[in-house]
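A.B. asks: Before anything else, here's the structure in question.
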Amino acid sequence: VSTQSTWGKGILLITGPFKVNGVPLRRLNRRYCICTSTKIDISKLKFKLPKNLFQRTKRVRKSTKKQSEGDFFEEKKFVKAKVTTDRVALQKKVDTKLIRVLKAADPLLVKYLGAHFTLGQNDKPHEMKF
């Protein structure tokens, strides 16, 4: 996962790239990142991100009306969120430029980012060297 920029209060903008390992362009708290010693200069990548693309929106609380027993046990239908075409286009634009930079830095880096990573029960990530 590549860090694109910081968005204040420990929020990072990351991407996989999506084409390599399926991680989309998204906001993430830096507490959930494991830093590695691999450094890539992405300052030459020029793309403009819309300011409202990753802003948090206020959540609207649902009404707290009483449910009947039948409503409580009724199976809920989950609707998958649709990805906008603007976001898909931005992801493709970022991915193509980033993959080009990754391949120029090290040809094996794309395979490294695409590899499956897990931590076992006795693994200590703060003692690991990546």
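Going by our numbering, the first residue of the sequence shown is number 1124, and it counts up by one from there.
Backbone N, C-alpha and C define an ideal beta-carbon position, used for all residues, glycine too.
Within 9 angstroms of any Cβ in chain D, is that where the Cβ of leucine 1176 sits?
C.D. replies: Among the protein chains of the structure shown there is no chain D, as only one such chain exists.
A.B. asks: Three or more C-beta pairs closer than 8 angstroms, one from the segment 1199 to 1217 and one from the segment 1159 to 1176: is that the case here?
C.D. replies: At 8 angstroms Cβ cutoff, the stretches touch.
A.B. asks: Count the other C-beta atoms from every protein chain shown that fall within 10 angstroms of the C-beta of isoleucine 1137, then say buried if there are 16 or more, exposed otherwise.
C.D. replies: Buried: at least 16 other Cβ atoms inside 10 Å.
A.B. asks: Which term fits glycine 1139, buried or exposed, when burial requires 16 or more other beta carbons within 10 angstroms of its beta carbon?
C.D. replies: Per the 10 Å Cβ criterion, buried.
A.B. asks: Judging by CA-CA distance, which residue of Lys1181, Lys1142, Arg1150 and Gly1145 is the nearest neighbour of lysine 1132?
C.D. replies: Of the listed residues, the one whose Cα sits closest to lysine 1132 is Arg1150.
A.B. asks: Could you have a look at isoleucine 1163 and say whether DSSP puts it in helix, strand or coil?
C.D. replies: Reduced to three states, the DSSP call for isoleucine 1163 is coil.
A.B. asks: So valine 1224 and isoleucine 1163 are supposed to be a Cβ contact under 8 angstroms. How far apart are they, rounded?
C.D. replies: Yes, they are in contact, since the Cβ atoms of valine 1224 and isoleucine 1163 sit about 6 angstroms apart, within 8 angstroms.
A.B. asks: Relative to the C-alpha of valine 1233, which candidate in Glu1197, Asp1246 and Gly1145 has its C-alpha closest?
C.D. replies: Taking only the C-alpha atoms, the option nearest valine 1233 is Gly1145.
A.B. asks: Determine the extent of the beta strand (DSSP E) in which asparagine 1152 is found, giving its start and end residues.
C.D. replies: Taken as a continuous stretch (DSSP letters only), the beta strand (DSSP E) holding asparagine 1152 covers 1149 to 1152.
A.B. asks: Rounded to whole angstroms, what's the CA-CA distance from lysine 1181 to leucine 1221? Just pull it up for me.
C.D. replies: Cα to Cα, lysine 1181 sits roughly 32 angstroms from leucine 1221.
A.B. asks: Roughly how many angstroms lie between the CA atoms of arginine 1210 and lysine 1142, to the nearest whole one?
C.D. replies: In a straight line, the C-alpha of arginine 1210 is about 14 angstroms away from that of lysine 1142.
A.B. asks: Between the C-alpha atoms of valine 1183 and proline 1230, what's the straight-line distance to the nearest angstrom?
C.D. replies: Going from the Cα of valine 1183 to the Cα of proline 1230 covers about 47 angstroms.
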